[in-house]
Amino acid sequence: MDIKVGKQAIAEASQKLSNWGRWGADDQIGTLNHVTPQDVVAAASLIRSGKVFALGIPLDRNGPQTGLFGGRFNPIHQMLATGTDAVAGQQDWNKIRYADDTLNLCVQGATHWDALGHIFYEDKAYNGHDAKRIDSRGLGVLGIEHSKNKMAGRGVLLDIARFRGVDWLKDGEGISNDELNKCARAQNVEIRKGDFVIIRTGQMERCLAEGEWGGYAGGDAPGVKFENCYWCQEHQIAAICSDTWGVEVRPNETDEANQPWHWVVIPAMGLCMGEIFYLKELAADCADDGVYEFFFCGPPLIITGGTGSPINPQAIK
1 MDIKVGKQAI AEASQKLSNW GRWGADDQIG TLNHVTPQDV VAAASLIRSG KVFALGIPLD
61 RNGPQTGLFG GRFNPIHQML ATGTDAVAGQ QDWNKIRYAD DTLNLCVQGA THWDALGHIF
121 YEDKAYNGHD AKRIDSRGLG VLGIEHSKNK MAGRGVLLDI ARFRGVDWLK DGEGISNDEL
181 NKCARAQNVE IRKGDFVIIR TGQMERCLAE GEWGGYAGGD APGVKFENCY WCQEHQIAAI
241 CSDTWGVEVR PNETDEANQP WHWVVIPAMG LCMGEIFYLK ELAADCADDG VYEFFFCGPP
301 LIITGGTGSP INPQAIK
């Protein structure tokens, strides 16, 4: 598609691709409505070998967050009670010896879902909800908790890096709709309504190989072009996920908006989005057996009013 990306293109796409009211005035899960119980049953039939691939990264201090965007930080893990406390007799008053701990984290600091209340278009969130309903107490509407039992179905990996014959795409390299379609055909896999589509660029693998996250969480990155919002609507997918921080290409295709694709897919379309997925092992197995579809399951934590949720999604073949 030949799109001059800017605020006008954002406005046009938001109008053309809007799902406001499509599933009712009270809808809070957007494109997850595309997944039916029958789709989940059919996806379960894709499990043949019982191989399970964890797609989340560890929740620890070695994560990608450096404060580059929004002051996000890596998880802070602290102990409340330890074995040294127990041996020192500090727990004997309670007549039990144990270990206990806490975890302080940004809900979008590691592998995660974005909630539909995460991004606004002007003063509105998805389905026309007033952005003022999202305040310091949390998301009064469109919180991540609404998708607690909706994140299961047919998963499809589009391995763009392998399709191009490279270990990883370079930062700033965009992925067109045409390339997504060609990759799917090369992998002999069809994109269907209600799919959880996962795109591999190899960017995370590059960072892990180099031992340096650099600008991963907010800097330049490979990713889908703005036109991808039309592709997602055309295929009626349930969600799109990637091994990058923000799915779309950075630097963005315009300086009139930060993350222009986000402006459309979340507040206009209500598209579910997963970010910072670990895909190396799944991609290697898919390449080995030539099977790029699987049962996908990645429920969020039930964080009332959360703008997102950390997850450890599973691909089961």
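Under full-length UniProt numbering, the sequence shown has 58 at position 58, and the numbering climbs by one with no breaks.
Where a beta carbon is used, it is the ideal one built from N, C-alpha and C, also for glycine.
Just so it is clear, the structure is predicted and the values come from calculations on it, not from any experiment.
In the DSSP assignment, F295 forms a beta bridge with R154 and I316. A direct Cα-to-Cα measurement between G218 and G246 gives close to 8 Å. Boundaries cannot be given for I311, as no beta strand (DSSP E) includes it and DSSP labels it neither H nor E.
Linking G109 to L301 through their CA atoms gives a straight-line distance of about 14 Å. Separation of the CB atoms of V264 and I10 is rounded to 6 Å, and the pair is thereby assigned contact status at 8 Å. Each of N19, G270 and M151 was checked against the Cα of I311, and the nearest Cα belongs to M151. Per DSSP, the unbroken beta strand (DSSP E) holding E275 starts and ends at C272 to E275. Uninterrupted alpha helix (DSSP H) stretches at least 4 residues long and entirely within the stretch 228 to 294 occur at 228 to 235, 260 to 265 and 280 to 289, given in chain order. Per DSSP, I302 is not a residue of any alpha helix (DSSP H), being assigned neither H nor E. The C-beta distance from S147 to K225 rounds to 26 Å, too long to fall under 8 Å, and the pair is not in contact. Burial state of K95 is exposed, judged by a 10 Å Cβ sphere holding fewer than 16 other Cβ atoms.
Apart from the 5 residues on each side of it in sequence, S49 sits with its Cβ closer than 7 Å to the Cβ of K317 in its chain, given in chain order. Per DSSP, I76 is not a residue of any alpha helix (DSSP H); the beta strand (DSSP E) it occupies stretches across I76 to A81.
Within the model, the alpha-carbon separation for L32 versus L139 is close to 19 Å. By the CB criterion at 7 Å, M79 and D60 fall outside the cutoff.
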